[in-house]
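The next block holds one structure in the form of C-alpha coordinates; read it before the comments.
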Amino acid sequence: MARPAMDSLHARQVRAEQLGARLPPLLVAAERVAFTVSQGVHGRRRVGPGETFWQFRRYEPGDPLPSIDWRQTAKRENVYVRQTEWAAAQSVWLWRDRSASMDFKSHLAPTTKVERAELLTLALASLLFRGGERVALLGAGAPLSGQGATERLARAMADHAPARGMPGIENVPRHAQLVLMGDFLDPLETIGAAVRAYAARGVAGHVLQILDPAE
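Heads up: the sequence shown at position 95 corresponds to 561 in the numbering used here, and the numbers run straight through without jumps.
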(Lines of atoms letter the chains of each structure in order from A; the text may use other names.)
(Lines give C-alpha, C1' and ligand atoms only; values in the text may rest on other atoms or scores of the structure.)
Protein backbone atom coordinates (compact mmCIF):
# COMPACT_ATOMS: atom_id res chain seq x y z
CA MET A 467 0.00 0.00 0.00
CA ALA A 468 1.24 3.48 -0.81
CA ARG A 469 2.57 5.49 2.08
CA PRO A 470 0.13 8.44 1.66
CA ALA A 471 -2.77 6.00 1.91
CA MET A 472 -1.37 4.53 5.13
CA ASP A 473 -0.81 8.03 6.56
CA SER A 474 -4.40 8.93 5.74
CA LEU A 475 -5.62 5.70 7.34
CA HIS A 476 -3.56 6.36 10.47
CA ALA A 477 -4.93 9.90 10.72
CA ARG A 478 -8.51 8.60 10.53
CA GLN A 479 -7.72 5.96 13.15
CA VAL A 480 -6.32 8.59 15.54
CA ARG A 481 -9.39 10.78 15.02
CA ALA A 482 -11.66 7.79 15.59
CA GLU A 483 -9.88 6.89 18.84
CA GLN A 484 -10.17 10.49 20.01
CA LEU A 485 -13.86 10.56 19.17
CA GLY A 486 -14.50 7.30 20.98
CA ALA A 487 -12.52 8.44 24.03
CA ARG A 488 -14.80 11.46 24.46
CA LEU A 489 -17.82 9.26 25.00
CA PRO A 490 -18.28 8.07 28.60
CA PRO A 491 -18.08 4.38 29.49
CA LEU A 492 -21.68 4.61 30.63
CA LEU A 493 -22.67 5.04 26.99
CA VAL A 494 -20.97 1.75 26.19
CA ALA A 495 -23.11 -0.04 28.76
CA ALA A 496 -26.23 1.73 27.50
CA GLU A 497 -25.48 0.74 23.91
CA ARG A 498 -24.87 -2.87 24.95
CA VAL A 499 -28.31 -2.98 26.51
CA ALA A 500 -29.86 -1.29 23.47
CA PHE A 501 -28.08 -3.72 21.17
CA THR A 502 -29.34 -6.63 23.31
CA VAL A 503 -25.86 -8.03 23.73
CA SER A 504 -25.40 -7.13 27.39
CA GLN A 505 -25.21 -10.89 28.05
CA GLY A 506 -22.23 -11.22 25.75
CA VAL A 507 -19.00 -13.04 26.42
CA HIS A 508 -17.42 -11.50 29.52
CA GLY A 509 -15.83 -14.52 31.17
CA ARG A 510 -19.15 -16.35 31.64
CA ARG A 511 -20.52 -19.55 30.16
CA ARG A 512 -24.16 -20.42 29.57
CA VAL A 513 -25.66 -23.90 29.52
CA GLY A 514 -28.26 -24.65 26.85
CA PRO A 515 -28.80 -23.97 23.14
CA GLY A 516 -26.28 -21.15 23.25
CA GLU A 517 -23.48 -23.67 23.78
CA THR A 518 -24.18 -25.39 20.45
CA PHE A 519 -21.05 -25.69 18.33
CA TRP A 520 -20.91 -23.16 15.47
CA GLN A 521 -17.44 -23.34 13.89
CA PHE A 522 -13.70 -23.70 14.33
CA ARG A 523 -11.66 -20.63 13.43
CA ARG A 524 -8.07 -19.43 13.62
CA TYR A 525 -6.90 -18.18 17.00
CA GLU A 526 -6.56 -14.39 17.18
CA PRO A 527 -4.88 -12.18 19.81
CA GLY A 528 -7.39 -11.53 22.59
CA ASP A 529 -9.12 -14.92 22.37
CA PRO A 530 -9.35 -16.64 25.78
CA LEU A 531 -6.91 -19.53 26.08
CA PRO A 532 -9.60 -21.99 27.30
CA SER A 533 -11.34 -21.58 23.92
CA ILE A 534 -8.40 -23.23 22.10
CA ASP A 535 -9.34 -26.64 20.72
CA TRP A 536 -6.13 -28.62 21.04
CA ARG A 537 -7.46 -31.60 19.09
CA GLN A 538 -8.18 -29.45 16.04
CA THR A 539 -4.94 -27.54 16.53
CA ALA A 540 -2.96 -30.80 16.47
CA LYS A 541 -4.46 -31.62 13.05
CA ARG A 542 -3.56 -28.27 11.49
CA GLU A 543 -0.63 -25.93 11.10
CA ASN A 544 -2.22 -23.11 13.13
CA VAL A 545 -3.94 -22.76 16.48
CA TYR A 546 -7.74 -23.03 16.30
CA VAL A 547 -10.48 -22.09 18.75
CA ARG A 548 -13.90 -23.64 19.14
CA GLN A 549 -16.70 -21.09 18.75
CA THR A 550 -20.25 -21.71 19.93
CA GLU A 551 -23.45 -20.14 18.66
CA TRP A 552 -23.68 -18.19 21.91
CA ALA A 553 -20.16 -16.80 21.58
CA ALA A 554 -20.63 -16.00 17.92
CA ALA A 555 -23.96 -14.29 18.46
CA GLN A 556 -22.59 -11.83 20.99
CA SER A 557 -20.82 -9.78 18.36
CA VAL A 558 -21.30 -6.61 16.33
CA TRP A 559 -20.63 -6.57 12.59
CA LEU A 560 -19.90 -3.26 10.84
CA TRP A 561 -20.28 -2.30 7.18
CA ARG A 562 -19.60 0.98 5.40
CA ASP A 563 -20.78 1.82 1.89
CA ARG A 564 -18.19 2.31 -0.85
CA SER A 565 -20.58 3.30 -3.64
CA ALA A 566 -19.45 6.07 -6.00
CA SER A 567 -21.98 8.43 -4.45
CA MET A 568 -20.08 8.18 -1.15
CA ASP A 569 -17.15 10.07 -2.72
CA PHE A 570 -19.27 13.21 -2.98
CA LYS A 571 -18.27 16.32 -1.02
CA SER A 572 -19.88 19.73 -1.43
CA HIS A 573 -18.36 23.03 -0.34
CA LEU A 574 -20.47 22.72 2.83
CA ALA A 575 -18.68 19.61 4.10
CA PRO A 576 -15.08 19.18 5.34
CA THR A 577 -14.85 15.55 4.18
CA THR A 578 -16.41 13.12 1.74
CA LYS A 579 -19.17 10.84 2.92
CA VAL A 580 -16.93 7.78 2.69
CA GLU A 581 -14.30 9.45 4.90
CA ARG A 582 -16.99 10.21 7.44
CA ALA A 583 -18.27 6.63 7.27
CA GLU A 584 -14.79 5.21 7.88
CA LEU A 585 -14.25 7.55 10.82
CA LEU A 586 -17.58 6.57 12.38
CA THR A 587 -16.91 2.88 11.76
CA LEU A 588 -13.60 3.04 13.64
CA ALA A 589 -15.03 5.26 16.39
CA LEU A 590 -17.89 2.83 17.01
CA ALA A 591 -15.51 -0.12 16.93
CA SER A 592 -13.20 1.57 19.45
CA LEU A 593 -16.16 2.24 21.73
CA LEU A 594 -17.37 -1.35 21.54
CA PHE A 595 -13.90 -2.82 22.05
CA ARG A 596 -13.48 -0.78 25.23
CA GLY A 597 -16.81 -2.19 26.39
CA GLY A 598 -15.51 -5.73 25.97
CA GLU A 599 -17.45 -6.54 22.80
CA ARG A 600 -16.31 -8.55 19.78
CA VAL A 601 -16.47 -6.58 16.53
CA ALA A 602 -16.07 -7.66 12.91
CA LEU A 603 -15.90 -5.89 9.59
CA LEU A 604 -18.56 -7.48 7.40
CA GLY A 605 -16.94 -9.71 4.81
CA ALA A 606 -13.44 -9.42 6.29
CA GLY A 607 -13.16 -12.31 8.72
CA ALA A 608 -14.12 -13.26 12.26
CA PRO A 609 -14.85 -10.80 15.09
CA LEU A 610 -11.88 -9.15 16.79
CA SER A 611 -11.31 -8.28 20.44
CA GLY A 612 -8.56 -7.50 22.88
CA GLN A 613 -5.56 -5.20 22.84
CA GLY A 614 -4.85 -3.57 19.49
CA ALA A 615 -8.21 -4.63 18.03
CA THR A 616 -8.99 -1.14 16.72
CA GLU A 617 -5.72 -1.03 14.81
CA ARG A 618 -6.32 -4.50 13.39
CA LEU A 619 -9.81 -3.46 12.28
CA ALA A 620 -8.37 -0.33 10.67
CA ARG A 621 -5.92 -2.46 8.71
CA ALA A 622 -8.75 -4.76 7.68
CA MET A 623 -10.61 -1.72 6.37
CA ALA A 624 -7.55 -0.73 4.34
CA ASP A 625 -7.15 -4.24 2.94
CA HIS A 626 -10.82 -4.97 2.32
CA ALA A 627 -12.86 -2.67 0.10
CA PRO A 628 -16.48 -3.85 0.03
CA ALA A 629 -18.28 -4.12 -3.27
CA ARG A 630 -20.19 -1.03 -4.30
CA GLY A 631 -23.85 -1.05 -3.35
CA MET A 632 -25.67 -2.88 -0.57
CA PRO A 633 -23.79 -5.77 1.08
CA GLY A 634 -24.25 -9.34 0.00
CA ILE A 635 -25.23 -12.07 2.44
CA GLU A 636 -22.32 -12.99 4.70
CA ASN A 637 -22.06 -15.70 7.35
CA VAL A 638 -23.26 -13.57 10.27
CA PRO A 639 -24.49 -15.70 13.20
CA ARG A 640 -28.08 -15.58 14.38
CA HIS A 641 -28.78 -12.92 17.05
CA ALA A 642 -25.65 -10.94 16.16
CA GLN A 643 -25.91 -7.19 15.57
CA LEU A 644 -25.26 -5.57 12.20
CA VAL A 645 -24.59 -1.84 11.75
CA LEU A 646 -24.85 -0.50 8.18
CA MET A 647 -23.40 2.93 7.37
CA GLY A 648 -23.90 4.68 4.03
CA ASP A 649 -25.91 7.26 2.14
CA PHE A 650 -28.49 4.63 1.09
CA LEU A 651 -29.29 6.32 -2.20
CA ASP A 652 -29.96 2.96 -3.83
CA PRO A 653 -33.56 2.14 -4.80
CA LEU A 654 -35.67 1.34 -1.74
CA GLU A 655 -36.35 -2.13 -3.15
CA THR A 656 -32.61 -2.89 -3.16
CA ILE A 657 -32.11 -1.61 0.38
CA GLY A 658 -35.17 -3.44 1.66
CA ALA A 659 -34.09 -6.73 0.10
CA ALA A 660 -30.70 -6.61 1.84
CA VAL A 661 -32.21 -5.72 5.22
CA ARG A 662 -34.91 -8.39 4.96
CA ALA A 663 -32.34 -11.04 4.02
CA TYR A 664 -30.38 -10.48 7.23
CA ALA A 665 -33.53 -10.13 9.34
CA ALA A 666 -34.73 -13.50 8.03
CA ARG A 667 -31.51 -15.03 9.38
CA GLY A 668 -32.21 -13.67 12.86
CA VAL A 669 -29.72 -10.80 12.63
CA ALA A 670 -30.78 -7.51 14.23
CA GLY A 671 -29.16 -4.16 13.67
CA HIS A 672 -29.11 -0.48 12.86
CA VAL A 673 -28.92 1.66 9.73
CA LEU A 674 -26.95 4.93 9.89
CA GLN A 675 -27.50 7.24 6.92
CA ILE A 676 -24.61 9.57 6.09
CA LEU A 677 -25.45 12.52 3.85
CA ASP A 678 -23.69 15.66 2.69
CA PRO A 679 -25.24 18.94 3.94
CA ALA A 680 -26.11 19.74 0.33
CA GLU A 681 -28.18 16.58 -0.07
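Ideal Cβ positions, reconstructed from N, Cα and C, are used throughout, including at glycine.
Local Cβ density within 10 Å of residue i, reported as buried at 16 or more and exposed below that
i	result
Ala583	buried
Gln549	buried
Ala540	exposed
Asp625	exposed
Ile676	buried
Ala589	buried
Gly509	The pLDDT assigned to Gly509 is 38, lower than 50, so where the model puts this residue is not dependable, and the model offers no usable value.
Glu655	exposed
Thr587	buried
Gly597	buried
Test item: CB-CB of residue i and residue j under 8 Å
i	j	result
Ala660	Pro633	yes
Met580	Asp569	The sequence shown places Val at residue 580, not Met. Cβ atoms of Val580 and Asp569: closer than 8 Å.
Other residues of its chain near residue i: CB distance less than 6 Å, five sequence neighbours each side excluded
i	result
Leu663	Per the sequence presented here, residue 663 reads as Ala, with Leu not at that position. Only Ile635 meet the Cβ criterion.
Val669	Val638, Ala642, Leu644
His672	Val645
Leu674	Met647
Leu594	Val558, Val601
Ala666	none
Arg630	Arg564, Ser565
Thr578	Asp569, Lys571
Supposed contact pair residue j and residue i - C-beta distance, whole angstroms, cut 8 Å
i	j	result
Leu560	Ala680	Incorrect: roughly 26 Å between the Cβ atoms, too far for contact.
Residues near residue i in its chain [Cβ-Cβ closer than 7 Å; skip 5 each side]
i	result
Ala591	Leu560, Val601, Thr616, Leu619
Ile657	Met632, Phe650
Ser572	Asp678, Pro679, Ala680
Asp652	Gly631, Met632
Ser533	Val547, Arg548
Spatial neighbours of residue i in its chain, beta-carbon cut-off 8 Å, leaving aside the 5 residues before and after
i	result
Leu604	Trp559, Leu560, Trp561, Pro628, Pro633, Glu636, Val638, Leu644
Gln538	Phe522, Tyr546, Arg548
Contact between the stretch 608-627 and the stretch 648-664 (3+ Cβ pairs under 8 Å): Judged by pairs of C-beta atoms under 8 Å, the stretch 608-627 does not touch the stretch 648-664, as fewer than three such pairs exist.
Three-pair Cβ contact test at 8 Å for the stretch 542-551 versus the stretch 522-530: Cβ pair count under 8 Å is three or more, so yes.
At least 3 beta-carbon pairs within less than 8 Å: the stretch 605-616 vs the stretch 563-578: The stretch 605-616 makes no contact with the stretch 563-578: fewer than 3 CB pairs, one atom from each, lie closer than 8 Å.
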